[in-house]
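Sequential numbering of the sequence shown, starting at 10, is according to this note's numbering.
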Amino acid sequence: MTGSGDAKRLIIYFQTAEACDMCVNSMHSEFLDLQFHLYDSKQLRSDEDLRAIQVTDIPFFITKPQLQSYFRKFDNLLTFHLYSRKGAKMQQARIVYDHTDAISRFTTQWAVYCFSTCLRIVT
10 MTGSGDAKRL
20 IIYFQTAEAC
30 DMCVNSMHSE
40 FLDLQFHLYD
50 SKQLRSDEDL
60 RAIQVTDIPF
70 FITKPQLQSY
80 FRKFDNLLTF
90 HLYSRKGAKM
100 QQARIVYDHT
110 DAISRFTTQW
120 AVYCFSTCLR
130 IVT
């Protein structure tokens, strides 16, 4: 199961195409709003990219919980990945929000001040 709220997805793998067709074509009275879609990992990834921002120039004294609390004020975070490359002087973060509305402000605002430090944002 991935996502939350309206973005929640349950991924089911079937052994055969016949089993998949039988499940998709049958009625499920206990799940009235259930919808089946063919799994396409590339499509899911591109949907995630529409809700993601990349934050760069993060100094090492700023911690993951501090960044999460700062960026949580814009909307609910779906995933938050903080990383740095070997020998890097700064950290980077990939933040995925629940909705595309959360990153709409970053199309015109390309930087934020967090703990007196200017962080660059790429959508």
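For every residue, glycine included, the Cβ atom is placed at its ideal position computed from N, Cα and C.
Quick caveat, the model's predicted, so the values are computed rather than measured.
Taking the Cα of N85 as reference, the smallest distance to any Cα among D110, F69, T65 is reached at D110. The beta carbon of V105 sits closer than 6 angstroms to the beta carbons of E57, R60, A61, L87, T88 from its chain, once the five residues preceding and following it are set aside; these are given in chain order. When the Cα atoms are used, S93 and E27 turn out to be separated by approximately 46 angstroms.
If one requires a minimum length of 4 residues, the alpha helix (DSSP H) runs lying completely within the segment 33-87 are 50-58, 73-80, in chain order. The C-beta distance from V64 to A97 rounds to 14 angstroms, too long to meet the 8 angstroms contact threshold. Between the alpha carbons of T116 and H108 lies a distance of about 14 angstroms. Under DSSP, the beta-bridge partners assigned to C127 are Y122. Here the alpha carbons of H90 and I21 stand approximately 26 angstroms from one another.
Taking 8 angstroms as the cut-off, the Cβ atoms of A120 and R129 count as close.
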